[in-house]
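For what it's worth, this note's numbering labels the leading residue of the sequence shown as 571, then goes sequentially.
Virtual Cβ for every residue (Gly too), placed ideally from N, Cα, C.
It should be emphasised that the depicted structure is a prediction, and the values quoted were computed from it without experimental measurement.
To start, the structure under review is shown below, and the notes come after it.
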Amino acid sequence: MKTTFTVDMAKISEKITQVRWFYGSSLTTTFTGNSLVPVHITTIKFKTPLLPFPRTQVLYRCCRSIMKTDTTLPIIVKETIDPTDKEKQIFDRLREVLVHFNLDTQLRVAGGWVRDKLLGKDCYDIDIALDNMLGKEFCEKVNEYLVSTGEQSQGIGVIQSNPDQSKHLETARMRLFNVWIDFVNLRSEDYTENSRIPTMQFGSPEQDAYRRDLTINSLFYNINTCSVEDFTKRGLNDLKSGKIVTPLPPKETFLDDPLRVLRAIRFSARFEFEMDEELKVAASDNDVKSAIGGKISRERIGHEIDLMASGNQPDKAITYISELGLFWVVFTLPENCKPSISQEDDRICVEYMNLGMRQFLEVGCSFTNEQRRIYLYASLFLPLRKTVYIDNKKKTFPIVNFIFKNSLKLKVSDADDVTRLHNGVDKLLCLIPFVLSNEDMSKIDWEIDLIEVPVKLKSRILLGLVLREMKDLWRVALMLSSIVGEQVEKRREVFMEVEREILKLGLEKVWEVKPLVNGKDIMKHLELEKGGPVVSEWQRKLLQWQLAYPSGSLEECVDWMKREMEKKRART
């Protein structure tokens, strides 16, 4: 059925862009005239809309209601690109350089910037491709021009090519109007019979476009002509229809740079686009898996995984990695794991991450971006929290240490935070049933000596001790605990109730509590000749006393300590 109606497409595009939910569907339309025109819709293909991270329960329920229907909203792809004022300044300056030196160089913005601008998104990553100059040479021309106009020249950074790690092009960087710009030449590649490393040559825009990872990333914005260029003849169509496709046969593209497999997965998850079937077959190919493990650095792999974890669909991205048989290719393991890990355990890890993501959305907790990132990693590796490995020095470490430090080459603090969260989860799992039932927590066996206080105060001590270890990650640890506990079907209620109890007890910032009595004063008041383990023991006891009696004074604390010491001396 054909329907003709009048609609302001500019306003619709603007609103949809602001909301940013609607990637993954396709809408084929025909426009004539100006912005306010009759629009004839010929084809609408609906998929599930992206669900951002709602901060309110009302928004979350609205999103879920939409997702339960069979219809979703279309991709809106602009016909032209409207640079921001800052981008216009940059592009004008570059054109001035061309005119000043009478250069016949074509300047093209390549890749993600073009894609995102066509989707109505902001992008601050500007990569400029040059058709007849190296990036460094052009940057030097820019500086010459700046000096000629009395302006200050800019520093030029050069990132050398590294073919062994599939980094084939030298890239030059400089700042213009406080924005970092990358400059690189267009490329073509020729492979010799006995070498996997290509011979790099200046190429045409078409040759360069076909050497890109995906068709949606092969588009150019020509700065000279202010126009979008689609040399593969399918980049715009794939963007509109929501398809993840490689310009050349996918296996050839992936073996050229195996990191493109992870990039394809990331963009598929991010935009909720559909991966081409031939692409998925190639991604699962054993030759490609071997190339991922042997041809690209672990730092590059870790960077891609981190972009997924920080993105809007991390659970979907990791699910794709598992479905394509790449989980243990990415998250490599040492040989001596205890207990051993089977190849099928990746599915359990993915399920925990999916469950963790659902819990995050249902609760609507206001984590910082970094807390959310660590939470997702910790949920992914929850099933491995009791698995350890023995290093070359015969020392035992949690397996997540190896994954973060060796498989992904991410920050050491990431491994420490996830390990700390996993330890906190096990302790909270012991505490949560008692918090929910108001039972006596003295029954918990943690192999620690609790001071003698009324039963009701023991919950504040035990919860306080755990939260002091977790610090500002305590809500993250609590949410993780709520997805693995016995009452998982009531996970949202469990989280909310335990959180209320912690707030009621005033423990939300308990790690900031300073000790009333320091080690030196302990020795003075107890008449100890030297420190050591005895002082450490009293510091632990005094921390428990402060947790039990948050309003207690210094004098009351010292009096209690002296009485306890007298009792101990009387017993001995």
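Contact check, residue i vs residue j, beta carbons under 9 angstroms
i, j, result
"ASN794", "LEU700", "no"
"PHE790", "VAL684", "yes"
"VAL920", "SER892", "yes"
"LYS1132", "LEU1096", "yes"
"LEU533", "ARG830", "Nothing can be reported for residue 533: it is not among the residues displayed for the chain, which extend from 571 to 1142."
"LEU689", "LYS656", "no"
"ARG990", "GLU1039", "yes"
"LEU818", "TYR780", "yes"
"VAL728", "LYS706", "yes"
"ILE911", "ILE969", "yes"
"GLU776", "PRO820", "no"
"LEU1077", "GLY1034", "yes"
"ARG868", "LYS979", "yes"
"ARG747", "SER758", "In the sequence on display, residue 747 carries Phe and not Arg. No; because the gap between Cβ atoms is not below 9 angstroms, this pair is not in contact."
Of the listed residues the options, nearest to residue i (C-alpha basis)
i, options, result
"CYS796", "PHE843, ILE875, ASP662", "ASP662"
"PHE841", "PRO820, ALA887, SER1052", "ALA887"
"PHE671", "LYS706, VAL712, ASN976", "VAL712"
"ARG1139", "ILE726, LEU998, LEU1098", "LEU1098"
"LEU668", "LEU716, ALA680, LYS687", "LEU716"
"ILE1002", "ARG868, CYS709, VAL970, GLU1067", "GLU1067"
"PHE708", "GLY681, ASN748, ARG665", "ARG665"
"LEU954", "VAL749, ILE918, GLU714", "ILE918"
"ILE1018", "LEU832, LEU1032, PRO884", "LEU1032"
Contacting residues, own chain, Cβ-Cβ under 7 angstroms from residue i (five flanking each side not counted)
i, result
"MET845", "ILE814, ALA834, SER838"
"GLY994", "VAL1036, GLU1039, MET1040, ALA1047"
"VAL1104", "LEU1098"
"PRO653", "PHE661"
Counted within 10 angstroms of its Cβ, other Cβ atoms place residue i as buried (16 or more) or exposed
i, result
"THR816", "buried"
"TRP1115", "buried"
"ASN787", "buried"
"ILE751", "buried"
"VAL933", "buried"
"GLY926", "buried"
"LYS1090", "exposed"
"ARG745", "exposed"
"ASP808", "buried"
"LYS1026", "exposed"
"TYR959", "buried"
"LYS1079", "exposed"
"LYS981", "exposed"
"ARG1141", "exposed"
"ARG1070", "exposed"
"ASP857", "exposed"
"PHE1065", "buried"
Alpha-carbon to alpha-carbon, residue j and residue i
i, j, result
"SER1123", "ASP1129", "10 angstroms"
"LYS1137", "ARG1030", "24 angstroms"
"ASN755", "PHE974", "35 angstroms"
"MET878", "THR719", "44 angstroms"
"ASP1042", "ILE1072", "13 angstroms"
"MET923", "LEU1112", "39 angstroms"
"ASP915", "ASP996", "20 angstroms"
"PRO909", "THR957", "6 angstroms"
"ASP961", "SER860", "24 angstroms"
"GLN730", "SER983", "29 angstroms"
"ILE1092", "GLY1101", "9 angstroms"
"ASN882", "GLU822", "29 angstroms"
"THR650", "GLY812", "18 angstroms"
"LEU1075", "ILE871", "44 angstroms"
"LEU832", "ILE875", "8 angstroms"
Residue i CB to nearest heavy atom of the ligand SAH below 8 angstroms
i, result
"LEU894", "Questions concerning the ligand SAH fall outside what the structure shown contains, since it holds no ligand whatsoever."
Other residues of its chain near residue i: CB distance less than 6 angstroms, five sequence neighbours each side excluded
i, result
"ARG631", "In this predicted model, ARG631 has a pLDDT of only 45, less than 50, meaning its place in the structure is not dependable; the value taken from the coordinates is given anyway. So the list is empty, once near-sequence residues are dropped."
"THR902", "SER977"
"ILE944", "ASP987"
Cβ shell of residue i (< 8 angstroms), same chain only, five flanking positions each side left out
i, result
"ASP686", "ASP692, CYS693"
"GLU1134", "ILE1021, LYS1111"
"LEU806", "VAL647, LEU688, LEU789, VAL798, ASP800"
"ARG1045", "CYS935, PHE937, GLN941, GLU1069"
Any C-beta of chain D under 9 angstroms from that of residue i
i, result
"ILE911", "No chain D is present in this structure, which holds just one protein chain."
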